[in-house]
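Participant:
Residue numbers (this note's numbering): 22 to 90.
(1) For residue 58, count neighbouring C-beta atoms within 10 Å of its own C-beta (all shown protein chains included) and say buried if the count is 16 or more, exposed if not.
(2) Residue 73 by DSSP, collapsed to three states: which one?
(3) Within its chain, find whatever has a CB closer than 6 Å to the CB of residue 63; leave out the 5 residues flanking it on each side and keep chain order.
(4) Can you give the beta carbon distance from residue 41 to residue 72, rounded, assuming they're within the 8 Å contact cut?
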């Protein structure tokens, strides 16, 4: 349980490296845990609160990451 789970005034949505790895696998792009961590760090660093974080955002960050490799 996260520290904020008991506070009704705060919500928190979490994404895990397994989400990124799974998404990469769906597009036949195997990703390592380290790569998924880097992608999640980029998602956090560059997220747009207007769009939020969703599968399209994750997919875009995977594509951008792989294009840089």
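For every residue, glycine included, the Cβ atom is placed at its ideal position computed from N, Cα and C.
Facilitator: Checking against the coordinates, here is how it stands:
(1) Walking along the chain shown from the start, residue 58 turns up at place 37. So residue 58 ends up on the exposed side.
(2) Counting from 1 along the chain shown, the entry for residue 73 is found at position 52. Correct three-state label for residue 73: coil.
(3) Locating residue 63 in the chain shown gives position 42, where the first residue counts as 1. The beta carbon of residue 63 sits closer than 6 Å to those of 82, all from its chain and outside the five residues before and after it, given in chain order.
(4) Working through the chain shown from its first residue, we reach residue 41 at position 20. Working through the chain shown from its first residue, we reach residue 72 at position 51. Not quite, the Cβ-Cβ distance comes to about 17 Å (not below 8 Å), so this is no contact.
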